[in-house]
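Notes to accompany the following structure.
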Amino acid sequence: MNDIANDTENFARAMRVLLALEGGASDHPADPGGYTKYGLASRWYPQVLGPGFDLGDAEALYRDRFWDRLRCPDMPWELAAVVFLQGVNQGRGTVAKRLQRALGGLVDDGAIGPATIGVVRQAEASERTEAVARDLIGRLHKRYAETANHGTFGRGWHNRLVAVQVAAFG
Numbered sequence: 000m001n002d003i004a005n006d007t008e009n010f011a012r013a014m015r016v017l018l019a020l021e022g023g024a025s026d027h028p029a030d031p032g033g034y035t036k037y038g039l040a041s042r043w044y045p046q047v048l049g050p051g052f053d054l055g056d057a058e059a060l061y062r063d064r065f066w067d068r069l070r071c072p073d074m075p076w077e078l079a080a081v082v083f084l085q086g087v088n089q090g091r092g093t094v095a096k097r098l099q100r101a102l103g104g105l106v107d108d109g110a111i112g113p114a115t116i117g118v119v120r121q122a123e124a125s126e127r128t129e130a131v132a133r134d135l136i137g138r139l140h141k142r143y144a145e146t147a148n149h150g151t152f153g154r155g156w157h158n159r160l161v162a163v164q165v166a167a168f169g
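Residues 0 to 169 (numbering that gives the first Met the number 0) make up the sequence shown, in order.
And the structure:
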């Protein structure tokens, strides 16, 4: 893994999917993140409110705060796509814990470190990557259903997971 050319290509591919899902700017009154631009909520990323904040800035944030921190370069595309796209939406810790549960045999501490990547590689070697990714998607569907504002955003979240599944598996 960690092939730089492949990593660059996979990140660009993931960003295309993300931007199709997140679009431009939104400011829904029920969204706890407040004003959102390129999928980045001003509550956590106040720099999106700045007039000069552009797509290049958003991509740099996504690369650093999500793609790299979630160790997506160390994963096959199927898992990297689900982990990245849902890490953005549900949070890094949430998606990491659900990945660890889907992989099995790990403490679900919410941090994707060497132990988690080791089990990802075992799954890849035994050709279980797609099964793990599909299990993870199921766990994320369940998480959405348990979320307080599911009534407002649930349909969109579930549609998002369908789009993520299509991106991951074709």
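C-beta: ideal position from N, C-alpha, C; glycine also.
All values derive from a computational prediction rather than experimental measurement.
*Since I believe Thr128 is in contact with Leu60 (beta carbons under 8 Å), could you give me their beta-carbon distance rounded to a whole number of angstroms?*
Start at 1 with the first residue of the sequence shown, and residue 60 comes out as number 61. Start at 1 with the first residue of the sequence shown, and residue 128 comes out as number 129. Leu60 to Thr128, Cβ: 27 Å. No contact.
*Can the beta-carbon of Asn9 be found closer than 8 Å to that of Trp76?*
What you label residue 9 is simply residue 10 of the sequence shown in a count that begins at 1. What you label residue 76 is simply residue 77 of the sequence shown in a count that begins at 1. Result yes, Cβ atoms of Asn9 and Trp76 sit closer than 8 Å.
*Have a look at Ile136 and Trp156 and give me their C-alpha separation to the nearest angstrom.*
Within the sequence shown, residue 136 is the residue found at index 137, counting from 1. Within the sequence shown, residue 156 is the residue found at index 157, counting from 1. Rounded to whole angstroms, Ile136 to Trp156 spans 12 Å at the Cα level.
*Around the Cβ of Ala80, are there at least 16 other Cβ atoms within 10 angstroms (buried) or fewer (exposed)?*
As a working mapping, residue 80 is identified with position 81 in the sequence shown. Result: buried.
*Taking Cβ to Cβ, would you say Leu91 is nearer than 8 Å to Arg138?*
Here residue 91 is taken as the residue at index 92 of the sequence shown, counted from 1. Here residue 138 is taken as the residue at index 139 of the sequence shown, counted from 1. The amino acid occupying residue 91 in the given sequence is Arg; Leu does not appear at that position. Taking 8 Å as the cut-off, the beta carbon of Arg91 is found no closer than this to the beta carbon of Arg138.
*Secondary structure at Leu105, three-state DSSP: helix, strand or coil?*
The count along the sequence shown starts at 1 and reaches residue 105 at position 106. Three-state DSSP puts Leu105 in coil, outside helix and strand.
*asked:* Measuring straight from C-alpha to C-alpha, what distance separates Phe83 and Asp73?
replied: Locating residue 83 in the sequence shown gives position 84, counting from the first residue. Locating residue 73 in the sequence shown gives position 74, counting from the first residue. Taking the straight line joining both Cα atoms gives about 12 Å.
_Sequence-distant residues of the same chain with beta carbon closer than 8 Å to His140, five excluded per side_ = Along the sequence shown, read from residue 1 onward, the residue named residue 140 stands at position 141. For His140, where only same-chain residues beyond five positions count, the Cβ hits under 8 Å are His157 and Leu160.
*Range covered by the alpha helix (DSSP H) that runs through Arg42*: In the sequence shown, residue 42 corresponds to position 43, counting from 1. Careful: Arg42 lies outside any alpha helix (DSSP H) and carries neither H nor E.
*So who's on the other strand from Thr35, going by DSSP bridges?*
Against the sequence shown, residue 35 aligns to sequence position 36. Beta-bridge pairing links Thr35 to Ser25 and Ala40.
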